[in-house]
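Enquirer: Before we start, here is the structure in question, set down as structure tokens.
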Amino acid sequence: MSRIPSPFLHLGSQTKANSLAIIHLSRDRLQPLYLEEIDGEHDGYAEGAVLNTRFGSFPHSTFINVPWGSQVRASEVDTGSRGRKPQKKRKRDHTVTPTDETAASKGGDTSTEANGGGKGAKKAVAASSGFVHILAPSPELWTTSLPHRTQVVYTPDYSYILQRIRARPGSRLIEAGAGSGSFTHASARAVYNGIGGGPAEDPDAGRGKVFSFEFNEPRYKKMCTEVTAHKLDRIVRVTHRDVYNDGFLVDGKSPGADAVFLDLPKPWEALPHLSRQRYKSAAASSQDGDDNSAGATQSFPDESFISPLNPKKSVHLCTFSPCIEQVSRTVSMMRQLGWMDIETVEIANKRIHVMREKVGLTVTTDRGMAQAPIDVAEAVERLRRIEDRVREHQKAIHDPEVDDVEEHLKENFDDAVAVENNKLPPFMQGRLVTRPESEMRSHTSYLTFAILPRDWTAEDEAAALERWPCGQEKKVIGSLDKAARKQQKREMLESKKGKKKGKANGGGGKAAVAAAVGDDTVMGDATMGPEEGAQHTKRDLEKDEVTEQGVTPKRPKQD
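Residue numbers 1 to 559, in full-length UniProt numbering, belong to the letters of the sequence shown in order.
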């Protein structure tokens, strides 16, 4: 088990020897490179290990101890010396001295000896042209540059998958069908929350873990080599197994997964192993003389079955299938096994190229580029300007005030001067256009998502009822207790009964006065007591006339 942090998880500010780096050759061409620090000649190169590209030769020593993202210049490397055989030269040349033979056997070239070739690698000399950029490794860059052993799950797909299956730091994820390892690296970064720190019997308890299963043995061995080289072996556990028949247990124990990703040709054959419980059938015996029940079968829980899923959490599943027939059979099996919220989607990702199209007569011309009219209107305008220029030229020839005709025409009719007068920066000149790229690396497949609810037993129900009691509230709900709420309800009902009785008695006379006194007392000033409110209402009523029809306010006397 490696103890050095993985470059995919912990990045320093500079590159280091014996680590992985990504060489950026062009936008869509990246090359992974393990930086080797070799003291001496390697593979026929006096500079040590060398990377040869169409942009030049780059010794590994020029990539080490430089900041990530740096531009590295090509070096002058004698690539022809690799095919030379010094022994054949010595056979043809009989005048070779012993000193020269010793030098040839050690380094082969006297210039290498002068530069320390006998004790170390030759110092690289920068070339006049050619460069590349060195980038830090990430799952996205690794997906673009990895060696393809199978179809690859690209970034648009696995980013959406990890979000839908809720892979987060601390999750335990099952991956079936490791393939080239693209999804493995992305999921390892998603679930990572540290290494070790648990009890002695299980140091990785509580830590994020990826359990990857691969059926093909050569791909399994290559995957193990890459995981170890990338220092992800404490997070990723790779297992060689046929999950259709042998399931997903690890060393006979449950991985306790809460997220599952199946990239298999027949995912419906692996789904029965991803269950909470397995049932076995047995023939029912006839005990009461019932001949009909004798031939029936009954299902019993299989006590020997160990579920690979986490019993305390809901499990989120995703299957990756290129054919709709695979999706149909997978969904049918999901429904039989109790999976819920089944949904199938397809990712149609596009990359938009944004640029400014410098087409037109008003755009500043570059060297070696002839501008043309952008449309018919601009072509007509161009002809009109040519005619105006001819007329102005004829007029300037016969004008005694114009000394230099060409300078006069340049000041008034030069398109470049017109653009300069507008003071537009070069990046704002031209028309802004967008277009989708015609080719993009992707692997179109159907993504089927489903959720398996957590296992809920009678003990879980009792524990939940004890923690959150339901229907046994005794004292307070909100800001009032039970007695206060009952008193409020009683007073509200009594006030309604009083109003109904007043209406039944005719709504006039003393009942109306009493109702008015009561309402005014209640609706009076909050600072006024009950007695003061009643006296205030009585004074108001003395000003009114009480009749059999009710209270009629007096009209003011008119002079």
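From the three backbone atoms N, C-alpha and C, an ideal C-beta is built for every residue, glycine too. This one's a predicted model, so the numbers in the text were calculated from it and none came from an experiment.
#1: Any chance the region 12 to 22 sits against the region 58 to 70, with 3 or more Cβ pairs inside 8 Å?
#2: Buried or exposed: Tyr-154, going by 16 or more other Cβ atoms within 10 Å of its Cβ?
#3: Please name the residue in Val-132, Lys-395, Pro-400 whose C-alpha comes closest to that of Ile-23.
#4: Report buried or exposed for Leu-493, applying the criterion of at least 16 other Cβ atoms within 10 angstroms of its Cβ.
#5: Select from Lys-266, Lys-500, Tyr-446, Arg-435 the residue whose C-alpha is nearest the C-alpha of Glu-346.
#6: With DSSP as the reference, label Val-96 as helix, strand or coil.
#7: What does a CB cutoff of less than 7 Å around Ala-126 pick up in its chain, not counting 5 residues either side in sequence?
#8: Please classify Thr-457: does DSSP put it in a helix, a strand, or coil?
#9: With H, G and I counted as helix, E and B as strand and the rest as coil, what does DSSP make of Gly-130?
#10: Tell me the DSSP secondary structure of Ala-515 in three-state form.
#11: Among the residues of its own chain, which have a CB less than 6 Å from the CB of Gln-151, if the five just before and after it don't count?
#12: Exposed or buried, what is residue 577 when buried is set at 16 or more other beta-carbons lying within 10 Å of its beta-carbon?
#13: Roughly how many whole angstroms lie between the Cα atoms of Asp-341 and His-148?
#14: With 16 as the cutoff for other CB atoms within 10 Å, does Val-380 come out buried or exposed?
#15: In whole angstroms, what is the alpha-carbon distance linking Val-354 and Ser-438?
#16: Below 6 Å CB to CB, which residues in the same chain sit around Asp-78 once its five sequence neighbours on both sides are set aside?
#17: According to DSSP, what are the bridge partners of Leu-262?
#18: Please state whether DSSP places Gly-244 in a helix, a strand or coil.
#19: When the Cα atoms are used, what is the spatial distance from Ser-171 to Trp-339?
#20: What separation, rounded to the nearest whole angstrom, lies between the Cα atoms of residue 566 and Leu-271?
#21: When you compare the CB positions of Ser-19 and Leu-35, do they come within less than 8 Å of one another, or not?
#22: So is Tyr-279 buried or exposed if we call it buried at 16+ other beta carbons inside 10 Å?
#23: For the beta strand (DSSP E) holding Asp-341, just list the boundary residues, first then last.
#24: How is Val-331 classed by DSSP in three states: helix, strand or coil?
#25: Classify Gly-56 as helix, strand or coil using the three-state DSSP reduction.
#26: What does the alpha-carbon distance come out to for the pair Trp-468 and Asp-460?
#27: Straight-line CA distance for Thr-448 to Lys-312?
#28: With 16 as the cutoff for other CB atoms within 10 Å, does Arg-351 come out buried or exposed?
#29: Considering just the uninterrupted stretch of the alpha helix (DSSP H) at Pro-139, what are its terminal residues?
#30: Just to confirm, is the Cβ distance from Thr-146 to Ser-182 under 8 Å?
#31: Between the alpha carbons of Ser-111 and Val-433, how many angstroms are there, rounded?
#32: Out of Phe-58, Arg-391, Arg-241, which one is the CA nearest neighbour of Glu-47?
Expert: The answer reads as follows:
#1: By the Cβ rule, the region 12 to 22 counts as touching the region 58 to 70, because three or more pairs are nearer than 8 Å.
#2: Here residue 154 corresponds to residue number 154 of the sequence shown, with the count starting at 1. Burial call: buried.
#3: In the sequence shown, counting from the first residue as 1, residue 23 sits at position 23. Answer by Cα proximity: Val-132.
#4: For the purposes of this step, residue 493 is taken as the residue at position 493 of the sequence shown. So Leu-493 ends up on the exposed side.
#5: In the sequence shown, the residue the question calls residue 346 occupies position 346. Among Lys-266, Lys-500, Tyr-446, Arg-435, the Cα nearest to that of Glu-346 is on Tyr-446.
#6: For the purposes of this step, residue 96 is identified with residue 96 of the sequence shown, where counting begins at 1. Unreliable placement is indicated for Val-96, whose pLDDT of 40 sits below 50; the coordinate value is still reported in the next sentence. Correct three-state label for Val-96: coil.
#7: As a position in the sequence shown, residue 126 is number 126, starting the count at 1. Taken in chain order, the residues that qualify are Arg-73, Ser-75.
#8: Position 457 of the sequence shown, counted from the start, is the residue given in the question as residue 457. Thr-457 falls in the coil class under three-state DSSP.
#9: Here residue 130 refers to the residue found at position 130 of the sequence shown. In the structure shown, Gly-130 sits in a strand (DSSP, three-state: E or B).
#10: The residue given as residue 515 occupies position 515 in the sequence shown. For Ala-515, the predicted model reports a pLDDT of 47, less than 50, meaning its position is unreliable; a value from the coordinates is still stated below. Looking at Ala-515 - three-state DSSP - the assignment turns out to be helix.
#11: Position 151 of the sequence shown, counted from the start, is the residue given in the question as residue 151. In the same chain as Gln-151, and ignoring 5 residues on each side of it, the C-beta atoms closer than 6 Å to its own belong to His-443, in chain order.
#12: In the structure as shown, the chain begins at 1 and stops at 559. Residue 577 is therefore absent and cannot be evaluated.
#13: Walking along the sequence shown from the start, residue 341 turns up at place 341. Walking along the sequence shown from the start, residue 148 turns up at place 148. Roughly 34 Å separates the two Cα atoms.
#14: Within the sequence shown, residue 380 is the residue found at index 380, counting from 1. The residue is exposed, with fewer than 16 neighbouring Cβ atoms inside 10 Å.
#15: On the sequence shown, residue 354 is found 354 positions in, with the first residue counted as 1. On the sequence shown, residue 438 is found 438 positions in, with the first residue counted as 1. Roughly 14 Å separates the two Cα atoms.
#16: As a working note, residue 78 is residue 78 in the sequence shown. Here the set comprises nothing.
#17: The residue given as residue 262 occupies position 262 in the sequence shown. Residue pairing by DSSP puts Leu-262 in a beta bridge opposite Ala-176, Thr-319.
#18: Sequence index remark: in the sequence shown, residue 244 carries index 244 (1-based). Looking at the sequence provided, one finds Tyr at residue 244 rather than Gly. Three-state DSSP puts Tyr-244 in a helix.
#19: Position 171 of the sequence shown holds residue 171. Position 339 of the sequence shown holds residue 339. Approximately 20 Å, taken between the alpha carbons.
#20: This structure does not reach residue 566, given that the chain is present from 1 up to 559, and the question cannot be answered.
#21: Along the sequence shown, one-based indexing puts residue 19 at 19. Along the sequence shown, one-based indexing puts residue 35 at 35. Yes, these two residues count as a Cβ contact at 8 Å.
#22: Taking the sequence shown and counting its residues from 1, the one referred to as residue 279 is at position 279. Tyr-279 is exposed by the Cβ-count criterion.
#23: Translated into the one-based positions of the sequence shown, residue 341 becomes position 341. Note, Asp-341: beta strand (DSSP E), 340 to 346.
#24: Stepping through the sequence shown from its first residue, residue 331 is reached at position 331. DSSP places Val-331 in helix when its eight states are reduced to three.
#25: Counting from one through the sequence shown, the residue named residue 56 turns up at place 56. In the three-state DSSP reduction, Gly-56 falls in the strand class (E or B).
#26: Locating residue 468 in the sequence shown gives position 468, where the first residue counts as 1. Locating residue 460 in the sequence shown gives position 460, where the first residue counts as 1. Distance between the alpha carbons of Trp-468 and Asp-460: 12 Å.
#27: One-based indexing of the sequence shown puts residue 448 at position 448. One-based indexing of the sequence shown puts residue 312 at position 312. About 23 Å.
#28: As a position in the sequence shown, residue 351 is number 351, starting the count at 1. Label assigned to Arg-351: exposed.
#29: Taking the sequence shown and counting its residues from 1, the one referred to as residue 139 is at position 139. That run of the alpha helix (DSSP H) goes 139 to 145.
#30: Stepping through the sequence shown from its first residue, residue 146 is reached at position 146. Stepping through the sequence shown from its first residue, residue 182 is reached at position 182. Going by the sequence as given, residue 146 is Leu instead of Thr. Yes, these two residues count as a Cβ contact at 8 Å.
#31: Taking the first residue of the sequence shown as position 1, residue 111 is located at position 111. Taking the first residue of the sequence shown as position 1, residue 433 is located at position 433. For Ser-111, the predicted model reports a pLDDT of 36, less than 50, meaning its position is unreliable and no value from the coordinates is stated.
#32: As a position in the sequence shown, residue 47 is number 47, starting the count at 1. Comparing Cα positions, the closest option is Phe-58.
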